[in-house]
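Peer 1: Would you mind keeping the following structure in view while I ask a few things?
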Amino acid sequence: MAAVALSGSSATNTNSADTRLVSERTVLVTAALGSMLAPLNSTMIVVALPDILDRFGRSLTWGSWIVLSYLVAMASVQPLGGSLGDRYGRRRLFLLGLVGFLIATVVAALAWRIEVLIVARTIQAVTGAIAIPNGIALVRSLVPADRQGRAFGSVGAWIAVAAALGPPLGGIVTDSLGWRWIFAANILLITPALILGLRLPADRQHRLGQFDLRGAMLLTISLISLALGLTIWKVTSIVDTLVFGVVGIAAGWLLLRHVRRVALPVLNVSLFRRPGYTPATLTVLFSNLAMYTLLLSLPVFLARDVGWSSSQVGLLLAGLSLQMVVFSPVGGALSDRLGRRAPALLGVTLLAAGVAPFAGIAAGWPWYAFLLPLIVVGIGLGLSSAPVQTTALEAAPHGETGQAAGLFSTMRYLGSILGSAGMAAILSGSRP
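The sequence shown: position 108 = 100 (this note's numbering), numbered continuously.
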């Protein structure tokens, strides 16, 4: 693996005193380990929820908050986390986020009340939302432009591995050791990520001047309110949902007015006017919406209407995950060789082609009629993920890469939330 130095255009983002070479593999492994925390902690906990609720003697509503607190915070804080990295240094914020995630993990494992567990999960998400976009931004800063597609493809493959391993790993650990031990997986990821992260070159401050505190508050209020509005309707009234929606829209409107009057805003809305950024963010939003709609509806349909067991459903979904693991690096390599657009369009086309047959889903389908479209979906997601993400980050100036990565990740989470909310509405309405 080649060693890379921060030279040329990237050299302006680093301290001149710190020009040592760093292995490209070190950069990718560090970013991958940090990025794997998000999907792993989103999926492992779901399997352990029954045991957690039994331990604390609480209802399913409390279980929903264990999941929602993490999802909402992770979706809402990433743009702010990326913007802080642009201002104060990406490596510094990446390492601080990992340390915070580690501390919150220990508290979650030792939680003596369910309220403590929910708070610890929220802190996990906030600190993870600080670390993850800055880890991705480091890849853009440290890896040469002609290999960034392959680099993001490799990181995407490991994220897919984490998402695929989450449910079975959570189930095995919970059954054999107890639910508290599922958090040990975080320690196994964070410890090497911290060690490797300390070896990366320290980057200097990218955006000097007074911090946009008012903009940060409006951005956080807007995203948290909108994310809550899309999720809490399952556990509260429609009035609360509408209130959060109105607050989120109002805060967003005030934010747009505010950023036009500030020299260094926390959110640079001009990013969405840069070529490629808006199409890339919309692509990841709709891709995740399609994927999560499918992932949430198909297991319920197969269990309720076809009579499949959990293991059978898990094996079927592994067909999708495996294709993502295999084809994410392929999509990255193709984007370096052919350009970003061709593999992205091919991937999105395959995704749509794979999802389309499920519009006519029927209980009488043979098993391969479910598997083959899922394989096509997995190939499509794998081929498109790296070129789409690379397109988004390349559209941003180097000094705003963290912010661009954070906004991109937020769009990914909003797609997931929309897919989850839509399918929950459909399934609750169709439940006998």
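All C-beta atoms in this analysis are idealised placements derived from N, C-alpha and C, irrespective of residue type, glycine included.
Leucine 281 and glycine 411 look like a contact to me (Cβ under 8 Å); what is the Cβ gap, rounded to whole Å?
Peer 2: Correct: roughly 5 Å between the Cβ atoms.
Peer 1: Please report the straight-line C-alpha distance between glutamine 116 and glycine 394, rounded to a whole angstrom.
Peer 2: Roughly 19 Å between the two C-alpha positions.
Peer 1: Can you round the beta-carbon distance between arginine 139 and proline 321 to whole angstroms, since I take them to be within the 8 Å contact cut?
Peer 2: Rounded, the Cβ-Cβ distance is 12 Å, inconsistent with contact.
Peer 1: So valine 340 is in the alpha helix (DSSP H); what residue range does that whole segment cover?
Peer 2: Unbroken alpha helix (DSSP H) run through valine 340: 333 to 347.
Peer 1: Using three-state DSSP, classify aspartate 204 as helix, strand or coil.
Peer 2: Three-state DSSP puts aspartate 204 in coil, outside helix and strand.
Peer 1: Whole angstroms is fine: what's the gap from tryptophan 359's alpha carbon to valine 298's?
Peer 2: Approximately 10 Å, taken between the alpha carbons.
Peer 1: Starting from arginine 83, follow the alpha helix (DSSP H) in both directions and report where the run begins and ends.
Peer 2: Here the alpha helix (DSSP H) through arginine 83 covers 82 to 101.
Peer 1: Are valine 131 and aspartate 204 close, meaning C-beta to C-beta below 8 Å?
Peer 2: No, Cβ-Cβ distance for valine 131 and aspartate 204 is not below 8 Å.
Peer 1: What are the boundary residues of the alpha helix (DSSP H) that includes aspartate 167?
Peer 2: Looking at the DSSP string, the run of the alpha helix (DSSP H) that includes aspartate 167 is 140 to 168.
Peer 1: Where phenylalanine 93 and alanine 348 are concerned, what is the direct C-alpha to C-alpha distance, given to the nearest angstrom?
Peer 2: Distance between the alpha carbons of phenylalanine 93 and alanine 348: 39 Å.
Peer 1: Check each candidate in Thr114, Arg50, Pro71, Leu87 and name the one with the smallest Cα separation from leucine 63.
Peer 2: Minimum Cα distance to leucine 63 is reached at Thr114.
Peer 1: Evaluate threonine 285 with the Cβ neighbour count: other Cβ atoms within 10 Å of its Cβ, from every protein chain shown; 16 or more gives buried, anything less gives exposed.
Peer 2: By the 10 Å Cβ count, threonine 285 comes out buried.
Peer 1: Just mark arginine 423 as buried or exposed, buried being the case when its beta carbon has 16 or more other beta carbons within 10 Å.
Peer 2: Reliability fails at arginine 423, whose pLDDT of 46 lies under 50, so the model's placement of it is uncertain and the value that follows must be treated cautiously. Arginine 423 comes out exposed.
Peer 1: Within a Cβ cutoff of 6 Å, which residues of the same chain sit near alanine 272, ignoring the five residues on either side of it in sequence?
Peer 2: Result list for alanine 272: Val380, Thr383, Ala384, in chain order.
Peer 1: Quick check: the Cα distance between valine 19 and proline 125, rounded to an integer number of angstroms?
Peer 2: Using only the alpha carbons, I get a separation of about 14 Å.
Peer 1: Taking 8 Å as the cut-off, does the region 51 to 59 touch the region 98 to 115 (at least 3 CB pairs, one atom from each stretch)?
Peer 2: Flag = yes, the region 98 to 115 and the region 51 to 59 touch.
Peer 1: Along the alpha helix (DSSP H) that carries glycine 189, what are the first and last residues, could you check?
Peer 2: Segment 176 to 189, the alpha helix (DSSP H) holding glycine 189.
Peer 1: Mapping DSSP to helix, strand and coil, what is serine 51?
Peer 2: Serine 51: coil per DSSP, three-state reduction.
Peer 1: Compute the Euclidean distance between the alpha carbons of glycine 407 and proline 31, then round it to the nearest angstrom.
Peer 2: Approximately 14 Å between the Cα atoms of the pair.
Peer 1: So, for leucine 314: in the same chain, excluding its five sequence neighbours on each side, which residues have a beta-carbon less than 6 Å away from its beta-carbon?
Peer 2: No residues qualify anywhere along the chain.
Peer 1: Arginine 82: buried (16+ other C-beta within 10 angstroms of its C-beta) or exposed?
Peer 2: Label assigned to arginine 82: buried.
Peer 1: Does DSSP put serine 15 in a helix, a strand or coil?
Peer 2: Here serine 15 sits in strand by DSSP.
Peer 1: Determine whether the beta carbon atoms of glycine 162 and isoleucine 122 lie at a separation below 8 Å.
Peer 2: Taking 8 Å as the Cβ cut-off, glycine 162 and isoleucine 122 do not qualify as a contacting pair.
Peer 1: Over what stretch of residues does the alpha helix (DSSP H) that includes serine 376 continue unbroken?
Peer 2: Residues 359 to 386.
Peer 1: Roughly how far, in whole angstroms, is the beta-carbon of alanine 67 from the beta-carbon of leucine 215, given that I think they are within contact range, below 8 Å?
Peer 2: Indeed, because the Cβ distance is near 7 Å, the residues count as touching under 8 Å.
Peer 1: Is the beta carbon of alanine 129 less than 8 Å from the beta carbon of arginine 266?
Peer 2: Against a cut-off of 8 Å, the Cβ pair of arginine 266 and alanine 129 comes out as no contact.
Peer 1: I'd like to know whether the C-beta atoms of alanine 149 and valine 317 end up nearer to each other than 8 Å.
Peer 2: A contact, by the Cβ cut-off of 8 Å.
Peer 1: Is it true that the CB of glycine 311 sits closer than 8 Å to the CB of leucine 366?
Peer 2: In contact: leucine 366 and glycine 311 (Cβ atoms closer than 8 Å).
Peer 1: Please report the distance separating the alpha-carbon of serine 1 from that of glutamate 392.
Peer 2: Because serine 1 sits at a pLDDT of 40, beneath the cut-off of 50, its placement in the model cannot be relied upon, and the following sentence gives the value as read from the coordinates. Going from the Cα of serine 1 to the Cα of glutamate 392 covers about 14 Å.
Peer 1: Is it buried or exposed, glutamate 16, if we count other Cβ atoms within 10 angstroms and call 16 or more buried?
Peer 2: By the neighbour-count rule (16 or more Cβ atoms within 10 Å), glutamate 16 is buried.
Peer 1: Distance, Cα to Cα, glycine 370 vs isoleucine 213?
Peer 2: Using only the alpha carbons, I get a separation of about 35 Å.
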